[in-house]
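>
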Amino acid sequence: MKRTHKITLALGLTSILALTACGSGDSSADGGDEAKVLHVGATGQSYPFAYKEGDKLQGFDVEVIEHVADKIGYDVDWTLMEFSGVMGQLQAGKLDTVANQVAVTDERKELYDFSDTYSYAGTQIVVAEDNDEINGLEDLAGKEVAAVLGSNHAKNLESKDPDGKINIRTYETQEGTLNDVALGRVDAYVNGRSVLLAQLELNDLPLKLVGDPIVYEEVGFPFSKENAELREDVNQALEELRADGTLSELSEKYFKDDVTEPINEEQE
17 MKRTHKITLA LGLTSILALT ACGSGDSSAD GGDEAKVLHV GATGQSYPFA
67 YKEGDKLQGF DVEVIEHVAD KIGYDVDWTL MEFSGVMGQL QAGKLDTVAN
117 QVAVTDERKE LYDFSDTYSY AGTQIVVAED NDEINGLEDL AGKEVAAVLG
167 SNHAKNLESK DPDGKINIRT YETQEGTLND VALGRVDAYV NGRSVLLAQL
217 ELNDLPLKLV GDPIVYEEVG FPFSKENAEL REDVNQALEE LRADGTLSEL
267 SEKYFKDDVT EPINEEQE
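Just so we're aligned: the sequence shown equals residues 17 to 284 in my numbering.
1) What three-state label does DSSP hand Phe237 in the structure shown?
2) Whose CA, out of Asp112, Gln74 and Asp71, lies closest to the CA of Val53?
3) Within this structure, are the beta carbons of Asn151 and Ala58 separated by less than 8 Å?
4) I need the DSSP call for Arg185, collapsed to helix, strand or coil.
5) If I measure Cβ to Cβ from His55 and keep anything under 6 Å in the same chain, skipping five residues before and after, which residues do I get?
6) Under 7 Å Cβ to Cβ from Val202, same chain only, skipping five residues before and after it: list those, please.
7) Which one of Leu263, Pro238 and Phe271 has the shortest CA to CA distance from Ala108?
8) Taking just the CA atoms, how far does His169 sit from Gly75?
9) Between Gly227 and Thr139, is the Cβ-Cβ spacing less than 8 Å?
10) In whole angstroms, what is the alpha-carbon distance linking Asn219 and Tyr67?
11) Tell me the residue span of the alpha helix (DSSP H) that contains Gln215.
12) Ser267 to Val118, Cα distance in whole Å?
13) Taking the alpha-carbon positions, what's the Asp129 to Asp148 distance?
14) Do you know how far the Cα of Lys125 is from the Cα of Gly28?
15) Excluding the 5 residues flanking Glu188 on each side, which residues of the same chain have their C-beta closer than 7 Å to its C-beta?
16) Are the CB atoms of Gln61 and Gln190 nearer to each other than 8 Å?
17) Output the boundary residues of the beta strand (DSSP E) element that contains Glu191.
18) Compute the Euclidean distance between the alpha carbons of Leu254 and Pro278, then round it to the nearest angstrom.
19) With H, G and I counted as helix, E and B as strand and the rest as coil, what does DSSP make of Leu225?
20) Sort Val275, Asp249 and Ser240 by Cα distance to Leu127 and report the nearest one.
21) Just how far apart, CA to CA, sit Glu327 and Ile182?
22) List the residues that DSSP assigns as beta-bridge partners of Tyr128.
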C-alpha cells in the first residue's frame, strides 16, 4: 500500500505548539480507514541525510524511516526545523522520533531510548584546500572552528578541547559553513565524514578533509522512554531492511559507500 508523507514546516518552538502529543503515533480516520501517523523531525537542510530539493524532502535518513514506516503501517508526518529545535520537540513529546543522523551518546541515552544502529558516523575536520597549518585535531588550538549548534559533532569537538583552546563558532544550520571555510571566515569545520564527502563532491569547493575522524559513533532513531512498543516495531523493520539489502542499497545511493557497516577503526 502506498503511504502518504506530510511535511510540516516550522521556524521555532512556538510555531508548532499546535501539534498533538505523539506517544506511540496518532490514529486518524480518513474516509473510514484508520491511518497511524509517525511524527518525525528533521532539519530539511542536512545533505545527504534529510534535505529538500524543491518541495521534496529526501535523503538517506528520510528514505530509511519512510521504508520503516511502510513496513509497520504508518504514514509519516514531517516537522522541519533547526536540529536543536527538533531534539527539543522530541523531548517535549511532540515528535515520535528524529531522522537526522542522531548519534547514540551516553548523554542522549539518559533522555531517550534508541533504535538499533542503522548507520555509523565519524566527526571529521574539513579545511581550505590551501591550508597547510591544520592537519588534525592537535592543530586546532587557537583556530576558529565552525560547528552546528546542538549537533553531536560540536559536542565531540568540545569534549576533545577540555581547556577551551579552540574557538568554536556555532551555526544554527550547516548552510553556509563550507563557504565560510572556503572564504577564510573560519579556519575549519567539523561534521560527519560521510556528509562532508558527499557535500564536497556536490559543491566542488576548494576544501579537503584532514586527519582521522576525531570520534567514531553509531547512529539510531531516538524515542521517548515511554515509547518502547513503537521502538521495538521500528527495530523489527530495520532488521528486515538490513536482511533484504535495502539499507545497503540506500547507503550506496547517497554515499557511494556502505555506512551501515561499522567503521573498522578503534574509537579514540
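Ideal placement from N, C-alpha and C gives every residue a C-beta, glycine not left out.
Reading off the structure:
1) coil
2) Closest in alpha carbon position to Val53, among Asp112, Gln74 and Asp71, is Asp112.
3) no
4) strand
5) If the five residues before and after His55 are omitted, its C-beta is found closer than 6 Å to the C-beta atoms of Cys38, Asp93, Leu111 and Asp112, all from its own chain and listed in chain order.
6) Glu160, Val161, Ala162, Arg185 and Asp196
7) Pro238
8) The alpha-carbon atoms of Gly75 and His169 are separated by roughly 19 Å.
9) Contact flag unset, no.
10) Computed Cα separation, rounded: 15 Å.
11) Arg209 to Asn219
12) Here the alpha carbons of Val118 and Ser267 stand approximately 16 Å from one another.
13) 42 Å
14) With a pLDDT of 44 at Gly28, under the threshold of 50, the modelled position of this residue cannot be trusted; read the value that follows with caution. One C-alpha to the other measures close to 24 Å.
15) Here the set comprises Glu98 and Leu165.
16) Taking the C-beta atoms as reference points, Gln190 is found nearer than 8 Å to Gln61.
17) Going by DSSP, Glu191 is part of no beta strand (DSSP E) at all; its letter is neither H nor E.
18) 16 Å
19) In the three-state DSSP reduction, Leu225 falls in the strand class (E or B).
20) Ser240
21) Given that the chain is displayed from residue 17 to residue 284, the structure contains no residue 327 and the question cannot be resolved.
22) Ser240
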